[in-house]
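S.K.: Here the working numbering runs 46 ahead of the position in the sequence shown, where the first position is 1.
Note that the Cβ used here is the ideal one computed from N, Cα and C, for glycine as well.
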Amino acid sequence: MNFQTVLSVTLLFLMVMDPLGNLPFFVLILKRKSAEEYRRIIFRESLFALAAMLVSLFAGGVFLKLLHLSEDKLGVAGGLILLIIGLKMVFSSFTETNVSEGKEPYIVPLAIPLICGPGLIAMLITQSEQKAESVIALLVAWMIQLLILLVGKTISEKLGKKPLDTLESLMGLLLSVVAAGMIIDSINQIYGIGPTK
């Protein structure tokens, strides 16, 4: 098991989950909930998201075979999704929700697509060949995002909106770079071109 691989994949998973960037969204939806209710909902939705992540990691390859899709093509599609997410993080932040304030969300939109979105699902499927490292990285990233979201109200109140927006833009920039590399590498593999520098 390669520790450096686990670390890099953990950071990549965290960037895609974007718990700090999603904090304003979570706090807004759950602002009328008590602290105890807030933590209960966050923990429950995070468990739902983890289940979806593990299914994607372990069964994603099977779905690809059933649909006669290659990982290279998924890499291009996943890279495009990640690029869109990254650019959205750079240029905007969550300011609206489709969930009424005070109404308790169930799976959608907190677990899916906020914690476990299409970009993360695509990434997990492409990581299915390195299951040991990917599982460890996923669990570590999941626990970190869970801790961040559990103390979300406190973080949001202490930091304010501007620092969170700035951090989200930085994470979005990094994610866009990773996504561009993912797209280029996948296209190179499809056409049999050598690896990029």
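(1) In angstroms, rounded to a whole number, what distance separates the CA positions of Gln173 and Ile131?
(2) For Val248, does the three-state DSSP call read helix, strand or coil?
(3) For Met63, I'd like the list of residues in its chain whose CB is within less than 7 Å of its CB, leaving aside the five on either flank, ordered along the chain.
(4) I need the straight-line Cα distance from Leu103 to Glu83, nearest angstrom please.
(5) Specify the secondary structure class of Tyr237 as computed by DSSP and reduced to three states.
(6) What whole-angstrom Cβ distance do Leu213 and Met61 have, given they're in contact under 8 Å?
(7) With a cut-off of 8 Å on the beta carbons, I'd call Gly198 and Phe72 a contact; round off their distance for me.
(8) Restricting to Cα atoms, I'd like to know which of Val55, Ile171, Gly67 is closest to Leu216.
(9) Rounded to a whole number of angstroms, what is the C-alpha to C-alpha distance between Asn48 and Glu179?
(10) How many Å lie between Arg86 and Ile233 at the Cα?
(11) Distance, Cα to Cα, Leu219 vs Val136?
(12) Can you have a look at Ser92 and say buried or exposed, based on whether 16 or more other CB atoms are within 10 angstroms of its CB?
(13) Who pairs with Tyr152 in a beta bridge, going by DSSP?
(14) Can Gly125 and Ile171 be called in contact, C-beta distance under 8 Å?
(15) Note the first and the last residue of the continuous alpha helix (DSSP H) segment covering Ile161.
(16) With a floor of 4 residues, list each alpha helix (DSSP H) that falls wholly inside the segment 60-105, ordered by position along the chain.
(17) Which first and last residues belong to the alpha helix (DSSP H) in which Gly124 is found?
(18) Does at least one heavy atom of the ligand SAH sit under 7 Å from the Cβ of Leu112?
M.R.: Result, derived from the coordinates:
(1) Stepping through the sequence shown from its first residue, residue 173 is reached at position 127. Stepping through the sequence shown from its first residue, residue 131 is reached at position 85. Between Gln173 and Ile131, the C-alpha separation is close to 19 Å.
(2) Given that the chain is displayed from residue 47 to residue 243, the structure contains no residue 248 and the question cannot be resolved.
(3) The residue given as residue 63 occupies position 17 in the sequence shown. Closer than 7 Å at Cβ, skipping near neighbours: Ile161, Leu166, Ala187, Gln191.
(4) Taking the first residue of the sequence shown as position 1, residue 103 is located at position 57. Taking the first residue of the sequence shown as position 1, residue 83 is located at position 37. One C-alpha to the other measures close to 30 Å.
(5) Here residue 237 refers to the residue found at position 191 when the sequence shown is read from its first residue. Coil, per DSSP.
(6) Here residue 213 refers to the residue found at position 167 when the sequence shown is read from its first residue. Here residue 61 refers to the residue found at position 15 when the sequence shown is read from its first residue. That pair is no contact at about 11 Å.
(7) Locating residue 198 in the sequence shown gives position 152, where the first residue counts as 1. Locating residue 72 in the sequence shown gives position 26, where the first residue counts as 1. Going by Cβ atoms, the distance from Gly198 to Phe72 rounds to 5 Å, so yes, they are a contact pair.
(8) Looking up residue 216 in the sequence shown gives position 170. That would be Gly67, whose Cα lies nearest to the Cα of Leu216.
(9) Position 2 of the sequence shown, counting from 1, holds the residue named residue 48. Position 133 of the sequence shown, counting from 1, holds the residue named residue 179. Taking the straight line from one Cα to the other gives about 7 Å.
(10) Here residue 86 refers to the residue found at position 40 when the sequence shown is read from its first residue. Here residue 233 refers to the residue found at position 187 when the sequence shown is read from its first residue. Taking the straight line joining both Cα atoms gives about 43 Å.
(11) As a position in the sequence shown, residue 219 is number 173, starting the count at 1. As a position in the sequence shown, residue 136 is number 90, starting the count at 1. Each residue's alpha carbon lies about 6 Å from the other.
(12) Residue 92 sits at position 46 when you count from the first residue of the sequence shown. Ser92 comes out buried.
(13) Mapped onto the sequence shown, residue 152 falls at position 106. According to DSSP, Tyr152 bridges with Val154.
(14) Numbered from 1 along the sequence shown, position 79 holds the residue referred to as residue 125. Numbered from 1 along the sequence shown, position 125 holds the residue referred to as residue 171. Contact flag unset, no.
(15) As a first step, residue 161 is located in the sequence shown; it is residue number 115 there, counting from the start. Looking at the DSSP string, Ile161 is not in any alpha helix (DSSP H), and its letter there is neither H nor E.
(16) 65-75
(17) In the sequence shown, counting from the first residue as 1, residue 124 sits at position 78. Start and end: 117-137.
(18) You won't find the ligand SAH in this model; it holds no ligand whatsoever.
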